[in-house]
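A quick write-up on the structure given underneath.
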Amino acid sequence: MKKYHVDVIQYRGDYRSFGFQQGEWLKQSSLHPIYTNPNMAKKLRFSVDHAEAIQWINALFPQFLEELKGLAESLKLSLDQAIMHFSGYQQEWIRSGCSILTGDHFLVRNYDYHPKTYEGRFVLYQPKQGLATIGPSQRIVGRADGMNEKGLMTGYNFVNRRGSGDGFIPTIITRMILEQCQNNEEAIVLLKEVPHRVAFNYVLADRFGNRHVVEATSQAVRVKEDTVSTNHFDLLPEANRYHLADSQRRLAILRKQKQSLSKAEAYQVLNNRENEVFSEKYLQSAGTLHTTIYDVDSMNVGIGLGSNRVPTIFSFGEWLKGRNTWLKRVRGEINTEARMPYMDGL
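Counting in full-length UniProt numbering, the sequence shown runs from 1 upward without gaps.
Here it is as structure tokens:
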């Protein structure tokens, strides 16, 4: 068993200062050399059209460019380097898992990936020109899942790398949604506008009770009303991977749950190992690294690290009133010995 943790990051302020502060945090992390060591940069297997990236960012999420400028200033990078590392445009994505279940005003998500990719950061951010958000970060400035101050919740499920195109990866798309959209309708419009790098399901749930799954590839975007999602498409089956058995198995488990499932019961469906949705396939890039639950009614957010864990609860509602959480770190353990570079070093 491996003990691990997530650090709680809280920030209120403009995007440029937030970017600068994230650079300062990154300097204290063992992940810092990934973004500043020239030898690390040479290992990147993708190239970025910087002018095209800036054009899309200005069109879809202009305030994010200020954040990238702040990061560049802190880390002493050029803006082009910051765009390459942090913009999420044209970056690569290895396969991953993930399961999502939504109910009456809540969303529960298992984030399944390789432990080496985890960054151990849980972020509460209130920008001056955007919606306040809460959720685990990924690739420093992106989000793995989250909820905003208007009660919009979202998470994503990997489907396929085949047929990838020029576009953004889901971590940045998730931030675009959370910091700019107030409901499912607005999020769907954005998902139809943004260029998608890789095929993903995006699950949306809002305070009005709307629940959708958006199937998105570099070639097409389709929308359906649904309450659950794993790692395959229904409306775009030609974009699926060849091996769907585990994704279909988990989806069947989620679909058989009763409609009146409580929030606590929904969390246990995904987090308790005996329910067979929580995954320990860590070396196959499909092990559950966290379970999150977002509750619109109470504006509470919970996160559990490892299986059969009672979630640690954050009162996002109180935080929105200006009361910072006293929580600094959440701890847990998972059944793996795989290295986690944010703790163990590169």
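Even for Gly, the Cβ is constructed at its ideal location relative to N, Cα and C.
Whole-angstrom distance between residue j and residue i, CA atom to CA atom
i: Ala252; j: Asp14; result: 44 Å
i: Gly317; j: Glu238; result: 42 Å
i: Gly155; j: Ile173; result: 10 Å
i: Met343; j: Leu270; result: 26 Å
i: Cys98; j: Tyr113; result: 8 Å
i: Tyr267; j: Met299; result: 16 Å
i: Arg222; j: Asp234; result: 10 Å
i: Val198; j: Lys281; result: 22 Å
i: Val228; j: Lys76; result: 43 Å
i: Val48; j: His85; result: 9 Å
i: Arg331; j: Thr325; result: 16 Å
i: residue 362; j: His290; result: The structure shown has nothing for residue 362, since the chain only spans 1 to 346.
i: Gly70; j: Arg12; result: 15 Å
i: Ala59; j: Lys2; result: 43 Å
i: Arg175; j: His232; result: 22 Å
i: Val296; j: Gly151; result: 5 Å
i: Tyr89; j: Trp319; result: 31 Å
i: Ala132; j: Ile100; result: 22 Å
i: Leu129; j: Glu274; result: Looking at the sequence shown, residue 129 is not Leu but Gln. Cα to Cα, Gln129 sits roughly 44 Å from Glu274.
i: Thr312; j: Thr230; result: 24 Å
i: Gly304; j: Lys192; result: 32 Å
i: Met183; j: Asn210; result: Reading off the sequence, residue 183 comes out as Asn, not Met. Going from the Cα of Asn183 to the Cα of Asn210 covers about 8 Å.
i: Lys224; j: Lys256; result: 19 Å
Alpha helix (DSSP H) segment containing residue i, residue limits
i: Asn231; result: From DSSP, Asn231 is part of no alpha helix (DSSP H); its letter is neither H nor E.
i: residue 416; result: Because residue 416 is not part of the residues shown, which for the chain are 1 to 346, the question remains open.
i: Thr174; result: 170-180
i: Gln126; result: Here Gln126 belongs to no alpha helix (DSSP H); instead the beta strand (DSSP E) covers 121-127.
i: Leu58; result: The sequence shown places Asn at residue 58, not Leu. 50-60 is the span of the alpha helix (DSSP H), which, as asked, contains Asn58.
i: His32; result: 32-36
Where residue i falls, given that 16 or more other Cβ within 10 Å makes a residue buried
i: Arg250; result: buried
i: Gln28; result: exposed
i: Ser96; result: buried
i: Val213; result: buried
i: Pro62; result: exposed
DSSP bridge partner residues for residue i (one or two, in chain order)
i: Asn335; result: Bridge partners of Asn335: none, in fact.
i: His196; result: Phe168
i: Lys258; result: According to DSSP, Lys258 bridges with nothing at all.
Residue i - containing beta strand (DSSP E), residue span
i: Val269; result: Val269 -> not in any beta strand (DSSP E); alpha helix (DSSP H) instead, spanning 263-271.
i: Arg309; result: Where Arg309 is concerned, there is no enclosing beta strand (DSSP E), given that its DSSP letter is neither H nor E.
i: Tyr294; result: 286-295
i: Ile134; result: 133-138
i: Arg211; result: 211-216
Any chain C beta carbon closer than 8 Å to residue i
i: Gly287; result: This model lacks chain C altogether, as it is built from one protein chain only.
Residue i beta carbon near the ligand MG (any heavy atom closer than 7 Å)
i: Gly302; result: No copy of the ligand MG appears in this structure; indeed no ligand is present at all.
Quiz item: Can we say the region 101-116 touches the region 199-215, given the rule of at least three CB pairs closer than 8 Å?
Solution: The answer is yes - the region 199-215 touches the region 101-116, with three or more Cβ pairs under 8 Å.
Quiz item: Just checking, does the region 325-345 make contact with the region 114-126 on the three C-beta pairs under 8 Å criterion?
Solution: Because the criterion of three Cβ pairs below 8 Å is met, the region 325-345 and the region 114-126 touch.
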